[in-house]
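*Asks:*
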Amino acid sequence: MHPLLASSRFHNAPISYDVTFPPSSRSVVDRNTRSAVPTHTLAQPATDPPTFTKLVMRCDKFPWPVVVSPSSKVGKFYLGNAPTIPTEAQPISNMDLLYALHNTLAIRVTHEEWDALGTGSPAQRKVTRAYERRCSKTGGGWDGGVRRIDWLGHKVQLIGIEVDRNASAGGIAKLIFGRP
Numbered sequence: 006m007h008p009l010l011a012s013s014r015f016h017n018a019p020i021s022y023d024v025t026f027p028p029s030s031r032s033v034v035d036r037n038t039r040s041a042v043p044t045h046t047l048a049q050p051a052t053d054p055p056t057f058t059k060l061v062m063r064c065d066k067f068p069w070p071v072v073v074s075p076s077s078k079v080g081k082f083y084l085g086n087a088p089t090i091p092t093e094a095q096p097i098s099n100m101d102l103l104y105a106l107h108n109t110l111a112i113r114v115t116h117e118e119w120d121a122l123g124t125g126s127p128a129q130r131k132v133t134r135a136y137e138r139r140c141s142k143t144g145g146g147w148d149g150g151v152r153r154i155d156w157l158g159h160k161v162q163l164i165g166i167e168v169d170r171n172a173s174a175g176g177i178a179k180l181i182f183g184r185p
């Protein structure tokens, strides 16, 4: 993993990212200085060696994988004829990873996923409280319903990623969250 994201039992990653919000200079900051992570750092490959296909991330707090693919660096809108630009493979960047995480957690949960928590269970009540906190914090979203992010409860701050060394090529990374 890129040093910005790499975490272990002995080392905390320098990133602090509140996944409630899309990645930006306000939401992706250095854990110690609280200053924005530079754009050039976010554009760097998320893994070493760089990954060009996909990266799968998981978390103990929710059942969904976060699948990261490289973003397209070529624009999609042209006036006139589309230029012939050589398309070189781009590695998965730190920003690709953060966007994939945010977008995955922003998905509305299905009735089946909600029911799997158990009707009236402590887990369902915890997710409900997180939903209410998130909507109050962001000033809206009540009509949007429960989102995957609500499975995180209070721990909506990405504080690092641990690499599973036993995983196959293409890798599996474990997302680590904490309180803001």
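First residue of the sequence shown? That's 6 in the working numbering, and the numbers climb one at a time after it. Where a beta carbon is used, it is the ideal one built from N, C-alpha and C, also for glycine. The structure displayed is predicted, hence computed values, not measured ones.
1. Curious, which full-length alpha helix (DSSP H) runs of at least 4 residues does the stretch 15 to 53 contain?
2. Alpha carbons only, please: which of Trp147, Gly146, Glu167 and Glu93 is nearest the one belonging to Ala4?
3. Expressed to the nearest angstrom, what Euclidean distance is found between the alpha-carbon atoms of Tyr104 and Arg14?
4. Can you name, in chain order, every residue of its own chain whose Cβ lies under 8 angstroms from the Cβ of Ile97, other than the five neighbours on each side?
5. Between the alpha carbons of Ile164 and Pro43, how many angstroms are there, rounded?
6. Using the Cα positions of Ala18 and Leu122, report the straight-line distance between them to the nearest angstrom.
7. Hey, would you say Met100 sits closer than 9 angstroms to Pro185, going by beta carbons?
8. Looking at the C-beta of Asn99, does it have a partner C-beta in chain D at a distance below 9 angstroms?
9. In the DSSP assignment, the beta strand (DSSP E) including Gln162 goes from what residue to what residue?
10. Kindly list the residues whose CB is nearer than 7 angstroms to the CB of Val132, restricted to its own chain and excluding five residues on each side of it in sequence; keep chain order.
11. Starting from Ala135 and walking both ways along the alpha helix (DSSP H), at which residues does that stretch end?
12. Below 8 angstroms on the Cβ atoms is my guess for Arg63 versus Lys179; work out the distance and round it to an integer in Å.
13. Check this for me: beta carbons of Arg113 and Gly158, under 9 angstroms apart or not?
14. I'd like to know whether the C-beta atoms of Phe67 and Arg153 end up nearer to each other than 9 angstroms.
15. Would you please state the rounded distance, in angstroms, between the beta carbons of Arg139 and Thr25? I believe it to be under 8 angstroms.
16. For Ser141, count neighbouring Cβ atoms within 10 angstroms of its own Cβ and tell me buried if that reaches 16, exposed if not.
17. Do Arg39 and Ile20 have their beta-carbon atoms positioned less than 9 angstroms apart in this structure?
*Replies:* This is what the structure holds:
1. 44 to 47
2. What the structure shows of the chain is the stretch from 6 to 185, and residue 4 is not part of that stretch, so it cannot be assessed.
3. Position 99 of the sequence shown holds residue 104. Position 9 of the sequence shown holds residue 14. Going from the Cα of Tyr104 to the Cα of Arg14 covers about 25 angstroms.
4. Start at 1 with the first residue of the sequence shown, and residue 97 comes out as number 92. Once the five neighbours on either side are set aside, the close Cβ partners of Ile97 are Pro50, Ala51, Thr52, Pro55, Thr56, Phe57, Lys59, Leu60, Val73, Ser74 and Pro75.
5. On the sequence shown, position 159 is the one that residue 164 refers to. On the sequence shown, position 38 is the one that residue 43 refers to. Cα-Cα distance, rounded: 17 angstroms.
6. Numbered from 1 along the sequence shown, position 13 holds the residue referred to as residue 18. Numbered from 1 along the sequence shown, position 117 holds the residue referred to as residue 122. Between Ala18 and Leu122, the C-alpha separation is close to 31 angstroms.
7. Here residue 100 is taken as the residue at index 95 of the sequence shown, counted from 1. Here residue 185 is taken as the residue at index 180 of the sequence shown, counted from 1. No, the pair does not count as a contact, with Cβ atoms beyond the cut-off.
8. Going by chain labels, chain D is absent from the structure shown, which holds only one protein chain.
9. Position 157 of the sequence shown, counted from the start, is the residue given in the question as residue 162. Residues Gln162 to Val168.
10. Along the sequence shown, read from residue 1 onward, the residue named residue 132 stands at position 127. Excluding sequence neighbours, Val132 sits near Leu122, Val151, Asp155 and Trp156.
11. Taking the first residue of the sequence shown as position 1, residue 135 is located at position 130. Residues Pro127 to Thr143.
12. Your numbering for residue 63 matches position 58 in the sequence shown. Your numbering for residue 179 matches position 174 in the sequence shown. Their Cβ separation, rounded to whole angstroms, is 6 angstroms, which keeps Arg63 and Lys179 in contact under 8 angstroms.
13. Here residue 113 is taken as the residue at index 108 of the sequence shown, counted from 1. Here residue 158 is taken as the residue at index 153 of the sequence shown, counted from 1. Taking 9 angstroms as the Cβ cut-off, Arg113 and Gly158 do not qualify as a contacting pair.
14. Your numbering for residue 67 matches position 62 in the sequence shown. Your numbering for residue 153 matches position 148 in the sequence shown. Yes, they are a contact pair.
15. Mapped onto the sequence shown, residue 139 falls at position 134. Mapped onto the sequence shown, residue 25 falls at position 20. Sure, about 6 angstroms apart at Cβ, within 8 angstroms.
16. Mapped onto the sequence shown, residue 141 falls at position 136. So Ser141 ends up on the exposed side.
17. Working through the sequence shown from its first residue, we reach residue 20 at position 15. Working through the sequence shown from its first residue, we reach residue 39 at position 34. No. Outside cutoff.
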